[in-house]
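Residue numbers (the numbering used here): 257 to 640. Using N, Cα and C, we set each Cβ at its ideal position, and we do this for glycine too. See structure below.
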Ligand code: HEM
C-alpha cells in the first residue's frame with residue numbers, strides 16, 4: 257500500500273514551505289527592526305505561514321477520509337510507536353506554529369495587517385476580546401508569550417524534521433524497506449500529473465479570482481514618494497526637522513472613505529535639522545531615543561469624508577518611543593495634472609509633552625514650544 261497522490265503532493269508542498277519558513281523566520285528576526293527587508297520578509301512569512309495552515313486543514317481532511325499505509329511489518333514495536341508519536345507531534349505543530357504566529361500578530365500593538373500576497377487581508381484573531389486585553393502592558397505581555405511559543409515550537413519542529421529525515425534515510429538505506437519510496441512523487445503516473453496540473457490550475461484560478469476581488473475592493477490610489485517632517489518653534493524660530501527615511505503605504509478611496517488604508521513608518525535615527533543643536537539632540541534618549549526605538553509608526557484606524565471635497569478625515573494611532581497616541585487629521589488630496597502626480601498632504605499639531613519628547617532638558621516652553629506640527633506629503637498613483 258502506498259500514499260495517495262494528493263497526500264504526496266500536500267506532504268512535499270508543506271515540507272518545502274515549512275523548511276523555508278523556519279529559515280526565513282530565523283533570518284528575519286536577526287535583522288535590525290528598522291530594516292525594511294525585515295518588514296518585507298515578515299509580510300511574506302505571514303502569507304506562507306497562513307498557506308501552511310490551509311494546507312494542514314486539507315491534510316487532516318484527507319487523512320481522515322483516506323487510510324495511510326501501515327508501518328513496515330518487520331519494524332520493532334518501539335520504532336512503530338516512535339513513528340506514530342512523531343507523526344502526531346507533526347500534526348500538532350503544523351497547526352500550532354501558524355496559529356501562534358497569527359496570535360502574535362493579532363495582539364501586537366504595532367497592529368500590522370496580514371495581507372496574503374500583499375492583496376487579501378487576513379483578519380486578526382479576536383484575541384483582544386477573548387483575552388480581555390485592555391491595556392498596553394497586558395497586550396505586550398501576550399505578544400511576548402505568543403512569540404515565545406512560536407519560537408520554542410519552531411525549535412521543536414526543527415529537531416523533529418532532523419529526526420524525521422534521519423528515520424526516512426535509515427529506512428531507505430539500512431532497512432531497505434519502502435517507507436521513503438512510498439512518499440516519493442510518482443512523476444510518471446498520469447494521475448499524479450493530472451493532480452499537479454489540476455492543483456496549479458486551481459491555484460492560478462484562485463489567485464486570479466482573489467486578485468480581481470481585491471482590485472474591486474481596493475481603493476484607487478496608492479502611495480509613492482513621500483516626505484515627513486516636523487515643525488517646532490525653537491527660541492521663537494520655526495525649525496524644520498526632516499525625517500528622510502520614511503515609508504508610507506496608502507490606499508486612498510475618496511468615493512468610499514471607509515475602504516481606505518494608511519500606514520507609515522519613519523526611521524527616527526534619520527531625523528535631521530539645519531539647526532545643529534537640535535539635530536544633535538534628536539537621537540538622544542529624552543527626544544526620539546533612536547537606539548531603543550528606531551522607528552515611529554502611524555496606523556490609521558478609521559476614515560470618513562473630510563470637510564472639503566477631495567479630503568478625508570483620518571483617525572489612527574501614532575506610536576512613538578513604543579507608546580501609542582490617538583491622533584486625528586485631515587488628509588487633502590489634490591488631483592494629478594499633466595505634469596505632476598496626485599498628492600496627499602496633511603499638517604497637524606501634536607503636543608511634545610504628551611509624546612514624551614524633551615521633558616527633562618526642556619521642561620517648559622521657554623526654549624521649545626509644546627506644539628509641534630507634523631507634516632506629511634506623499635504622491636499617489638492609480639492602483640493597477
Ligand atoms: C508553519 C508555519 C510557520 C513556521 C514554521 C514559522 C516559523 C517561524 C520562526 C522559526 C520564526 C523565528 C522565531 C524567533 O527566532 O524568534 C518566526 C518568526 C515570526 N513568525 Fe512565524 N512561522 C510560521 C507561521 C507564521 C504565521 C502564520 C504567522 C502570522 C500570520 C507568523 C508570524 C511570525 C512573525 C511576525 C515572526 C517574527 C517576530 C519578530 O519579528 O520578532 N508565522 N516564525
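Checklist entry - Roughly how far, in whole angstroms, is the beta-carbon of residue 361 from the beta-carbon of residue 368, given that I think they are within contact range, below 8 Å? => result Reading the chain shown from its first residue, position 105 is the one you call residue 361. Reading the chain shown from its first residue, position 112 is the one you call residue 368. Yes, residue 361 and residue 368 are in contact; Cβ-Cβ is about 7 Å, under 8 Å.
Next on the checklist: Once the 5 residues before and after residue 406 are set aside, which same chain residues still bring their CB inside 7 Å of it?
Outcome noted: As a first step, residue 406 is located in the chain shown; it is residue number 150 there, counting from the start. Once the five neighbours on either side are set aside, the close Cβ partners of residue 406 are 353, 356, 357 and 360.
Item to check | CB of residue 314 within 8 Å of CB of residue 273, strictly | outcome: Residue mapping note: residue 314 aligns to position 58 of the chain shown, counting from 1. Residue mapping note: residue 273 aligns to position 17 of the chain shown, counting from 1. In this structure, the beta-carbon distance from residue 314 to residue 273 does not fall below 8 Å.
Checklist entry - In the DSSP assignment, what residue or residues form a beta bridge with residue 585? => result As a first step, residue 585 must be located in the chain shown, where it is residue number 329. Answer is 570, bridged to residue 585.
Next on the checklist: Among 594, 468, 506 and 529, whose alpha-carbon lies nearest the alpha-carbon of residue 487?
Outcome noted: Locating residue 487 in the chain shown gives position 231, where the first residue counts as 1. Selected option, being the one with the closest Cα: 529.
Next on the checklist: Measuring CB atoms only, is the segment 482 to 499 touching the segment 513 to 530, in the sense that at least three cross pairs come out at less than 8 Å?
Outcome noted: yes
Checklist entry - So, helix, strand or coil for residue 396, using DSSP? => result As a working note, residue 396 is residue 140 in the chain shown. Residue state, collapsed to three classes: helix.
Checklist entry - Assuming residue 572 contacts residue 589 under a Cβ cut-off of 8 Å, what Cβ separation, rounded to an integer in Å, is found between them? => result For the purposes of this step, residue 572 is taken as the residue at position 316 of the chain shown. For the purposes of this step, residue 589 is taken as the residue at position 333 of the chain shown. That belief does not hold up - the Cβ atoms of residue 572 and residue 589 are roughly 17 Å apart, past 8 Å.
Checklist entry - For the alpha helix (DSSP H) that contains residue 533, what are its first and last residues? => result Numbered from its first residue, the chain shown carries residue 533 at position 277. First-last of the alpha helix (DSSP H) with residue 533: 532 to 537.
Checklist entry - Quick one, are the C-beta atoms of residue 524 and residue 556 less than 8 Å apart? => result By one-based count along the chain shown, residue 524 stands at place 268. By one-based count along the chain shown, residue 556 stands at place 300. Contact: no.
Checklist entry - Which class does residue 468 belong to by DSSP, given the choice of helix, strand or coil? => result Here residue 468 corresponds to residue number 212 of the chain shown, with the count starting at 1. Of the three classes helix, strand and coil, the one that applies to residue 468 here is helix, per DSSP.
Item to check | Cα-Cα separation between residue 623 and residue 296, rounded to whole angstroms | outcome: Mapped onto the chain shown, residue 623 falls at position 367. Mapped onto the chain shown, residue 296 falls at position 40. Cα to Cα, residue 623 sits roughly 41 Å from residue 296.
Checklist entry - Nearest CA to the CA of residue 504: which residue from 569, 348 and 599? => result For the purposes of this step, residue 504 is taken as the residue at position 248 of the chain shown. When only C-alpha atoms are compared, the closest one is 599.
Checklist entry - Which term fits residue 275, buried or exposed, when burial requires 16 or more other beta carbons within 10 angstroms of its beta carbon? => result As a first step, residue 275 is located in the chain shown; it is residue number 19 there, counting from the start. Exposed, since its Cβ has fewer than 16 Cβ neighbours within 10 Å.
Next on the checklist: Using C-beta distances below 6 Å, list every residue in its chain close to residue 632, excluding the 5 sequence neighbours before and after it, in chain order.
Outcome noted: What you label residue 632 is simply residue 376 of the chain shown in a count that begins at 1. Within the same chain, residue 632 has close Cβ partners 484 and 602.
Checklist entry - Does the beta carbon of residue 376 fall short of 7 Å from some heavy atom of the ligand HEM? => result For the purposes of this step, residue 376 is identified with residue 120 of the chain shown, where counting begins at 1. Checking every heavy atom of the ligand HEM against the Cβ of residue 376, none is found closer than 7 Å.
Next on the checklist: Can you find the residues in the same chain that come closer than 6 Å, C-beta to C-beta, to residue 371, ignoring five residues on each side of it along the sequence?
Outcome noted: Translated into positions along the chain shown, residue 371 becomes position 115. For residue 371, where only same-chain residues beyond five positions count, the Cβ hits under 6 Å are 377.
Checklist entry - Going by the CB atoms, is the gap between residue 534 and residue 606 shorter than 8 Å? => result By 1-based counting over the chain shown, the position of residue 606 is 350. By 1-based counting over the chain shown, the position of residue 534 is 278. Cβ atoms of residue 606 and residue 534: not closer than 8 Å.
Checklist entry - Hey, residue 554 and residue 538 are a contact pair by Cβ (cut 8 Å); roughly how many whole angstroms apart? => result On the chain shown, position 298 is the one that residue 554 refers to. On the chain shown, position 282 is the one that residue 538 refers to. A Cβ-Cβ separation of about 18 Å leaves residue 554 out of contact with residue 538 under the 8 Å criterion.
Checklist entry - Exposed or buried, which one is residue 608 when buried takes at least 16 other CB atoms within 10 Å? => result Working through the chain shown from its first residue, we reach residue 608 at position 352. It is buried - the Cβ of residue 608 has at least 16 other Cβ atoms within 10 Å.
Checklist entry - How many angstroms separate the CA atom of residue 638 from the CA atom of residue 300? => result Indexing the chain shown from 1 puts residue 638 at position 382. Indexing the chain shown from 1 puts residue 300 at position 44. Their Cα atoms are separated by approximately 24 Å.
Checklist entry - By how many angstroms is the C-alpha of residue 258 removed from the C-alpha of residue 457? => result The residue given as residue 457 occupies position 201 in the chain shown. The residue given as residue 258 occupies position 2 in the chain shown. Their backbone Cα atoms lie some 26 Å apart in a straight line.
Checklist entry - In or out: residue 475 buried (at least 16 other Cβ within 10 Å) or exposed? => result As a working note, residue 475 is residue 219 in the chain shown. The predicted position of residue 475 is uncertain, since its pLDDT is 45 and thus under 50; a value taken from the coordinates is nonetheless stated next. The residue in question, residue 475, is buried, as its Cβ has 16 or more Cβ neighbours within 10 Å.
Next on the checklist: Could you check whether residue 549 and residue 583 sit closer than 8 Å to each other, using their CB atoms as the reference points?
Outcome noted: Taking the first residue of the chain shown as 1, we reach residue 583 at position 327. Taking the first residue of the chain shown as 1, we reach residue 549 at position 293. No, they are not a contact pair.
Checklist entry - Cβ-heavy atom distance between residue 360 and the ligand HEM below 7 Å? => result Along the chain shown, read from residue 1 onward, the residue named residue 360 stands at position 104. It does: the Cβ of residue 360 is within 7 Å (strictly closer) of some heavy atom of the ligand HEM.
Checklist entry - With DSSP run on the structure shown, which of helix, strand or coil describes residue 485? => result Position 229 of the chain shown holds residue 485. The three-state reading of DSSP puts residue 485 in strand, counting E and B together.
Next on the checklist: What does DSSP give as the partner residue(s) for residue 606 in the beta ladder?
Outcome noted: Translated into positions along the chain shown, residue 606 becomes position 350. According to DSSP, residue 606 bridges with 628.
Next on the checklist: Assess contact between the segment 422 to 440 and the segment 385 to 395, defined as three or more Cβ pairs (one per stretch) separated by less than 8 Å. Is contact present?
Outcome noted: no
Checklist entry - How about residue 587: is its Cβ closer than 7 Å to a heavy atom in the ligand HEM? => result Here residue 587 refers to the residue found at position 331 when the chain shown is read from its first residue. Checking every heavy atom of the ligand HEM against the Cβ of residue 587, none is found closer than 7 Å.
Next on the checklist: Check this for me: beta carbons of residue 383 and residue 363, under 8 Å apart or not?
Outcome noted: In the chain shown, the residue the question calls residue 383 occupies position 127. In the chain shown, the residue the question calls residue 363 occupies position 107. Cβ distance < 8 Å, so residue 383 and residue 363 count as in contact.
Checklist entry - How many whole angstroms separate the CB atoms of residue 463 and residue 497, which I take to be in contact at a CB cut-off of 8 Å? => result For the purposes of this step, residue 463 is taken as residue 207 along the chain shown, with counting starting at 1. For the purposes of this step, residue 497 is taken as residue 241 along the chain shown, with counting starting at 1. Separation of the CB atoms of residue 463 and residue 497 is rounded to 43 Å, and the pair is thereby denied contact status at 8 Å.
Checklist entry - Nearest-angstrom Cα distance between residue 336 and residue 325? => result As a working note, residue 336 is residue 80 in the chain shown. As a working note, residue 325 is residue 69 in the chain shown. About 12 Å.
Checklist entry - Buried or exposed: which applies to residue 621, given that a residue is buried once 16 or more other Cβ atoms fall within 10 Å of its Cβ? => result What you label residue 621 is simply residue 365 of the chain shown in a count that begins at 1. It is exposed - the Cβ of residue 621 has fewer than 16 other Cβ atoms within 10 Å.
Checklist entry - By how many angstroms is the C-alpha of residue 317 removed from the C-alpha of residue 263? => result In the chain shown, the residue the question calls residue 263 occupies position 7. In the chain shown, the residue the question calls residue 317 occupies position 61. Their backbone Cα atoms lie some 11 Å apart in a straight line.
Checklist entry - Can residue 292 be considered in contact with the ligand HEM, in the sense that its beta carbon sits closer than 7 Å to one or more heavy atoms? => result Numbered from 1 along the chain shown, position 36 holds the residue referred to as residue 292. No.
Checklist entry - Just to confirm, does residue 306 get its C-beta within under 7 Å of one of the non-hydrogen atoms of the ligand GDP? => result The ligand GDP is not part of this structure, which contains only the ligand HEM.
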